[in-house]
Structures are given as structure tokens and as C-alpha cells.
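What follows is a set of notes on a single structure, which appears directly below.
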Amino acid sequence: MKNRVVVTGMGVVSPNAIGLDNFEKALRIGKSGIRFIPRLEELKFSCRIGGVPENFDRAWAEYFSTKHSSCQNDNIGYASVAAIEAWHDAGLNLPEEEDPADWDSGTIFGCGVCGMEAIASTVVPTVNDGKVRRLGSQVVEQVMGSGISAHIAGILGLGNQVTSNSSACSTGTEAIIDAALRIRMGLAKRMVAGGAEGASPYTWGGFDSMRVLARKFNDQPEKGSRPMSASACGFVPGAGAGALVLEDLKTATERNSRIYAEVTGVMVNCGGQRSGGSMTAPNPAGVQRCIKDAINDAGITAREIDAINGHLTATFADPGEIKNWSGALGRGPDGFPYINSTKSMIGHCLGAAGAIETIAAVLELFKGFIHPSINCEDIHPEIEPFAGRVVRTCMDLPEIKTIAKASFGFGDVNSCLILKKWKQ
Amino acid sequence: MNTQEIFEKFIQIIKQYVKDAGRLENATMDTAIIQDLKVNSARLVDIIIQSEDAFDIEIDDDDADRIKTVGDAVKVIERKLCVTQ
Numbered sequence: 001m002k003n004r005v006v007v008t009g010m011g012v013v014s015p016n017a018i019g020l021d022n023f024e025k026a027l028r029i030g031k032s033g034i035r036f037i038p039r040l041e042e043l044k045f046s047c048r049i050g051g052v053p054e055n056f057d058r059a060w061a062e063y064f065s066t067k068h069s070s071c072q073n074d075n076i077g078y079a080s081v082a083a084i085e086a087w088h089d090a091g092l093n094l095p096e097e098e099d100p101a102d103w104d105s106g107t108i109f110g111c112g113v114c115g116m117e118a119i120a121s122t123v124v125p126t127v128n129d130g131k132v133r134r135l136g137s138q139v140v141e142q143v144m145g146s147g148i149s150a151h152i153a154g155i156l157g158l159g160n161q162v163t164s165n166s167s168a169c170s171t172g173t174e175a176i177i178d179a180a181l182r183i184r185m186g187l188a189k190r191m192v193a194g195g196a197e198g199a200s201p202y203t204w205g206g207f208d209s210m211r212v213l214a215r216k217f218n219d220q221p222e223k224g225s226r227p228m229s230a231s232a233c234g235f236v237p238g239a240g241a242g243a244l245v246l247e248d249l250k251t252a253t254e255r256n257s258r259i260y261a262e263v264t265g266v267m268v269n270c271g272g273q274r275s276g277g278s279m280t281a282p283n284p285a286g287v288q289r290c291i292k293d294a295i296n297d298a299g300i301t302a303r304e305i306d307a308i309n310g311h312l313t314a315t316f317a318d319p320g321e322i323k324n325w326s327g328a329l330g331r332g333p334d335g336f337p338y339i340n341s342t343k344s345m346i347g348h349c350l351g352a353a354g355a356i357e358t359i360a361a362v363l364e365l366f367k368g369f370i371h372p373s374i375n376c377e378d379i380h381p382e383i384e385p386f387a388g389r390v391v392r393t394c395m396d397l398p399e400i401k402t403i404a405k406a407s408f409g410f411g412d413v414n415s416c417l418i419l420k421k422w423k424q
Numbered sequence: 425m426n427t428q429e430i431f432e433k434f435i436q437i438i439k440q441y442v443k444d445a446g447r448l449e450n451a452t453m454d455t456a457i458i459q460d461l462k463v464n465s466a467r468l469v470d471i472i473i474q475s476e477d478a479f480d481i482e483i484d485d486d487d488a489d490r491i492k493t494v495g496d497a498v499k500v501i502e503r504k505l506c507v508t509q
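Which chain is which? The protein sequence lines are A and B, in order. In terms of our numbering, the first sequence is residues 1 to 424. In terms of our numbering, the second sequence is residues 425 to 509.
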């Protein structure tokens, strides 16, 4: 017997909005969170724009008194704020210091590159100066791979599995899948699942050097992130966090929780870096298999997918992704689902991408709309046949039932989620 | 700087590591930093580093290991200050 898994709470720190209500508004109006970043200019980056959550200090101060004093690391800070919002949104209370551990609740919350800012600005210079004893006690907890999940567990008093996954740009979606599987197996009743990524030039530098970042829109930041566009020239780096409270249906129903959507199908795999796949490019067979397996897992047919929230980063890989969706679903341009890219507004938030974008998809299902994919008025020639299905202005779609969300990452790793609108 | 001034300055330093600020109000020289104030033992390192900066002194590992109470810390700081003066 598999337990059914539902989404009961969400929290988001995104470049175009902090907080769920603001995020929904931003999605509907196609608000870009991409801005000029002076520090990238000083450091002579080719790409000098990025998506960084604005006024985050204010959001942090709202949630944290002196109890959890300072936020020393942006990815942990983003993740903590998103997790607390999701927890409250699910109708749950923050535990007191003296409460026992909550053995039924855990977290899987990952990142692409962890603690880079702390490593670069504190650890390396301090150790190189021969002042290692001055590092203090809080460096390890910031740079350890599980730093995010460890901090969230402390805030929420989680006593079930607490870990951080990492699978490059697939991290956020993978976290949701792994958490859903744990609930399905009956090993946890509730999991906080998500991904976070800090905003650091030390993280983004490698991508800049690979020439995969958008370099032609430094003077028009809001136009810079252009998934599916003929003038797309690379992705815009982003930062933030997304958190979802997943629960087994029985627990959610018993406590009368509002249910946003059901996670009906999940799959992760890897193309093995074979047959066209490599460290940085996907094996098409792997991608298509992942999507098909997720659909099978959901027990539906490919025809039932109403919309796709793509990975769609605005690199040369976008046309290939559309072909893979079309192949996996067995649906050509005429019968293709609606498709959009949340990255068009927030850039590519790396380890946080899948989590923030899944929240966008869940909001769409719950509220019955599809957000616009901005900056693709000039559709890429290879995507042109599908142009009619690319959502470019916000669309009301109350009848929407099923959305597929996928993420793909370096290492040729893939993840796909099937989300279903909840009906009593 | 007299003993009372060092005491007060030290209390300010440990304040951020004490989860329940109420516990600090009645702190004396005999108050145990970990047991009474519920400071996480790993944070003692940070308290030592901040004390070094605040008083412009160096506290070696042997001295640091001897600090259990607020009074222990004040005594170590006082001794280091005398030497530097």
C-alpha cells in the first residue's frame, strides 16, 4: 500500500518576490526579478545581471528574533525563511525550545553549491593568514553539505530524516521526489522538501567562464532571461529558496489541512553520460525515459498532461528539451500541452530552481491559471511549430488538472514530477 | 578597567549566545556559562575570540580550557589586561 502524498504548505524566497502571495502576484503579471549586479561588473564578469531576492533582511527580521540570532549564510537564510513560511502556511506552529522532537516530520532540503560565500570570504583568507583558530565554531555548520537541512531541523524540531541532497540544477525537484517517496513508504508523515541557492560570484564565476551565462543583456536586465527565444544567449544566474510541506493524505485529512495538490508521479534517473549525454548535456533517451516513468508512476496517460513547467534555462538546450517532451509524451505541436518557463522571470536559481518552479506549478493548479513565459516574443525557430502552446500572457485555466514539472542537471541527471489538482 | 567593568563587558559578549536572556539578569561571578546560562558548548570558542577582540588580549588554549564560570573568564581577562598594561 502506497501512501498518497499531498502538498499542504509552501514558502518562497524568489528574485521576483518574497512570500507566497507576492510570488503569485509576480507570476501572474510576469514580473522579472533580474537586475544589474554592480559587483559582477567590478569583477569583470561577462554576465553582469542576476536574480537576487530583494529586501531579504526585512523578511529575515520578521521571522527571527534574537533566538536564532544572525544569518551568516544566504543560502541557509533563504531556506530557513522559506521553510518557516511553508510550515506556517500548512497551519503548523513553530515548536518551543523545550518541546520534544517531532519524530514524524523530517526534511530533505538541498543546494547546488553550499556555503560558497562563507568559504570564499571567511575560510580561505583566514586559514591562509595562519589564523585558523579565529574561524570560530560556526564555520563547519555553514559549509557542510547538510548545513541547510540541519538549520531547518533545529528551527522546526524535526526528528525524522534530516538531510540535504545535491544533484546540480535538478536538486530542488529531486528533494521533493525523495521526500514524497519517504512518505509513500510510510517512513514519515510529513516532510519539508526544497532547495536553496546563495547569490555568490564565486558560484557563478565557473558558469561565466564556461560562457553559458547571458552576456548580451547587461543594459536590459529584465530582458536577459529568455527561455525559448531566438535571441536567448545563456542563462541568468539566480538565487533564493523554495519549500514545500508534503504530507501523507491521511495525516493531512485528519487535521483538516488545506490541500494544494497531490504529488502523483515521481521519477529521477541519469542518462549515464552516454548516447549524446555528457557532464553538461543530457542524453535524450534518459530525459524521455524519466518523463515517461513519472507519468507511468502517476498511473495516467501522456494525453492527460495539461501543462508543462519546463527546465528551459535559455541556453542552446531549450529546443532539445521541447523535442524530448514531445517525444516522451508522443504529442506533436498540435496536441502539445501548454508550456512555460518560470526562469524567464527569476533566472536559473540552480539548486533552488526545481523547488521554486514547482511552487509556481502548484499555485497554477490550485488557482487555475498558467503564468506567462516572458521574453520569448521572438520564438526560437526550432520551437516555432509549438509557438501556439507557449504561454506568453497570463491565462485563466480553471479546468487545469495535471502539470508535469521536470529539472535536468550537470552530471546528466533528470527529475520529473506529476502534480494533480486536488479535488475533495 | 576594574573588575565590575570587565564583568559587564563580558556579559554583553555572551548575551548573543544565551537563548533565554532572562537568565543573564541575575548572573554573578559564580554563574556557570554552559550549565546555568545554557550556552551551547561549541560557542565557547566564539566567546573567547570575541573577548580577545573586545579587550585586545590573547587567551591561549590552556587559559580558555579553565573558563567554566563568568568569574573564571573575568579573572583570565583581568590577568591578561594587567600583563599588557
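Using N, Cα and C, we set each Cβ at its ideal position, and we do this for glycine too.
Beta-carbon proximity check, residue i vs residue j, cutoff 9 Å
i	j	result
A/D306	A/P337	yes
B/L461	B/R447	yes
A/G198	A/Y63	no
A/G154	A/W87	no
B/D487	B/V498	no
A/A404	A/I291	yes
A/L156	A/A83	yes
A/G354	A/G172	yes
A/D178	A/V263	no
A/A188	A/S105	yes
A/A294	A/I418	yes
A/A360	A/P15	no
A/A456	A/L365	In the structure as shown, chain A begins at 1 and stops at 424. Residue 456 of chain A is therefore absent and cannot be evaluated.
A/S164	A/A150	yes
A/A241	A/T402	no
B/D470	A/G112	no
A/V236	A/S229	no
A/S32	A/M345	yes
A/N93	A/K250	no
A/P333	A/G388	yes
Beta carbon proximity, residue i to chain A, threshold 9 Å
i	result
B/I473	yes
B/A466	yes
B/V469	yes
B/K443	yes
B/C506	no
DSSP three-state assignment for residue i, whether helix, strand or coil
i	result
B/R490	helix
A/K2	coil
A/A281	coil
A/D89	helix
A/Y63	helix
A/H151	helix
A/D178	helix
B/T463	Looking at the sequence provided, one finds Val at residue 463 of chain B rather than Thr. Coil at B/V463, not helix or strand.
A/N324	helix
A/N414	strand
A/P319	helix
A/A230	coil
B/I471	helix
A/P237	strand
A/K292	helix
A/C270	strand
A/N309	strand
A/A427	This structure leaves residue 427 of chain A out entirely; chain A is present only between 1 and 424.
A/E262	strand
B/C506	helix
A/G335	coil
Any chain B beta carbon closer than 9 Å to residue i
i	result
A/E254	no
A/E97	yes
A/R133	yes
A/T66	Any reading at A/T66 needs caution, since the residue's pLDDT is 48, under 50, leaving its predicted position unreliable; the model's value is listed next. Answer yes: the Cβ-Cβ gap between A/T66 and chain B drops below 9 Å somewhere.
Assumed close pair residue i, residue j - CB separation to whole angstroms, cut-off 8 Å
i	j	result
A/S167	A/G411	7 Å
A/D314	A/A214	The sequence given here places Ala at residue 314 of chain A; Asp does not occur at that position. That pair is a contact at about 7 Å.
A/W422	A/V6	7 Å
A/C169	A/G147	Actually they do not touch by this definition, with Cβ atoms about 19 Å apart.
B/I483	B/K504	7 Å
A/A285	A/G330	Their Cβ separation, rounded to whole angstroms, is 15 Å, which puts A/A285 and A/G330 out of contact at 8 Å.
Legend entry - Given 8 Å, three or more beta-carbon pairs between the segment 197-213 of chain A and the segment 371-391 of chain A: no
Legend entry - Residues, ordered as in the chain, of the segment 136-159 of chain A that lie near chain D by beta-carbon distance below 8 Å: No chain D is present in this structure, whose protein chains are A and B.
Inset, instruction - Answer yes if the segment 214-233 of chain A comes into contact with the segment 33-42 of chain A, meaning at least three C-beta pairs across the two stretches below 8 Å, and no otherwise. - result: yes
Legend entry - At least 3 beta-carbon pairs within less than 8 Å: the segment 119-126 of chain A vs the segment 49-59 of chain A: no
Legend entry - contact_flag[the segment 429-443 of chain B, the segment 470-481 of chain B] where n(CB pairs < 8 Å) is 3 or more: yes
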